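A.B. asks: For the sequence shown, the numbering used here gives the first residue as 6, with consecutive numbering after it. Yeah, the Cβ is synthetic: ideal placement off N, Cα and C, and Gly gets one too. Computed from a predicted structure; not experimentally measured. The structure is given below, and queries will be raised subsequently.
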Amino acid sequence: MDVKTLAVVGAGQMGAGIAQVAAQSGIDVILIDVAPDLVQKGLAGIRGQLDKAVGKGKLKGEIGMHFMNPVPVMQLVEIIRGTQTSDATYATTRALAERMGKITVLSKDMPGFIVNRILIPMLNEACFALQEGLASAEDIDTAMKLGTNVPMGPLALADFIGLDTCLSIAEVLHRGL
């Protein structure tokens, strides 16, 4: 099965990045946002597809793709299979991600998936270290950049992601684990 069209819900930084990468890979993209006409069009298409699946008594096409930010730069996509996801849907999704130039990993459908499950506690710990006066923000970031060979320290990364987004993910992890 070849993916020809991809609908992206949300035209923010992540959605726009996903749409960009898909379009650059030769995939037709429908970008949906809060604009009422776009939302209605997107919902109608989604409803139609779900109605067909429900009518057949199976939803074996459910699968998640978790892109990293910024989408055009980051290579990783986490693929999240549902409990009923078919092998064909998984193979198609993986091929789609690879067509976009991404490297995939497979995660169970659990809070945070792989990256955020590990990343958010690390960012949280960097905040605790700063709060407790262990070191300055600059020294924490420098230590982690040089000590773990990453391009950005945890406090700078938290700022880049957005502290509101970090908090939201931390709350999901807290509730779900």
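In three-state DSSP terms, what is Asp33?
C.D. replies: As a first step, residue 33 is located in the sequence shown; it is residue number 28 there, counting from the start. Strand.
A.B. asks: For Leu101, which residues of its own chain have a beta-carbon under 6 Å away from its beta-carbon, when the five flanking residues on both sides are left out?
C.D. replies: Numbered from 1 along the sequence shown, position 96 holds the residue referred to as residue 101. Closer than 6 Å at the Cβ level, and outside the excluded window around Leu101, lie Val8.
A.B. asks: What is the rounded straight-line gap between the Cα of Leu160 and the Cα of Leu36?
C.D. replies: Along the sequence shown, one-based indexing puts residue 160 at 155. Along the sequence shown, one-based indexing puts residue 36 at 31. Spanning the two alpha carbons is a distance of roughly 32 Å.
A.B. asks: To the nearest angstrom, report how far apart His179 and Pro116 are at their CA atoms.
C.D. replies: Indexing the sequence shown from 1 puts residue 179 at position 174. Indexing the sequence shown from 1 puts residue 116 at position 111. If I take the Cα positions, the gap works out to 9 Å.
A.B. asks: Quick one: Cα of Tyr95 to Cα of Met6, how far?
C.D. replies: The residue you call residue 95 lines up with position 90 of the sequence shown. The residue you call residue 6 lines up with position 1 of the sequence shown. Their backbone Cα atoms lie some 11 Å apart in a straight line.
A.B. asks: I'd like to know if the region 144–153 and the region 105–116 are in contact, where contact means that at least 3 CB-CB pairs between them fall below 8 Å.
C.D. replies: Verdict: no, contact absent.
A.B. asks: Any chance you could list the alpha helix (DSSP H) runs of at least 4 consecutive residues sitting entirely within the region 84–112, in chain order?
C.D. replies: 92–104
A.B. asks: If you count every other CB in all the chains shown that lies within 10 Å of the CB of Ser173, and 16 or more means buried, which is it?
C.D. replies: As a position in the sequence shown, residue 173 is number 168, starting the count at 1. Exposed.
A.B. asks: Quick one: Cα of Phe118 to Cα of Ala134, how far?
C.D. replies: As a working mapping, residue 118 is identified with position 113 in the sequence shown. As a working mapping, residue 134 is identified with position 129 in the sequence shown. One C-alpha to the other measures close to 25 Å.
A.B. asks: Give me, in chain order, the residues of the same chain whose beta-carbon lies closer than 6 Å to that of Ile166; leave out the 5 immediate sequence neighbours on both sides.
C.D. replies: What you label residue 166 is simply residue 161 of the sequence shown in a count that begins at 1. Around Ile166: no qualifying Cβ.
A.B. asks: Kindly indicate the opening and closing residues of the alpha helix (DSSP H) around Phe133.
C.D. replies: In the sequence shown, the residue the question calls residue 133 occupies position 128. Element bounds for Phe133: 120–136.
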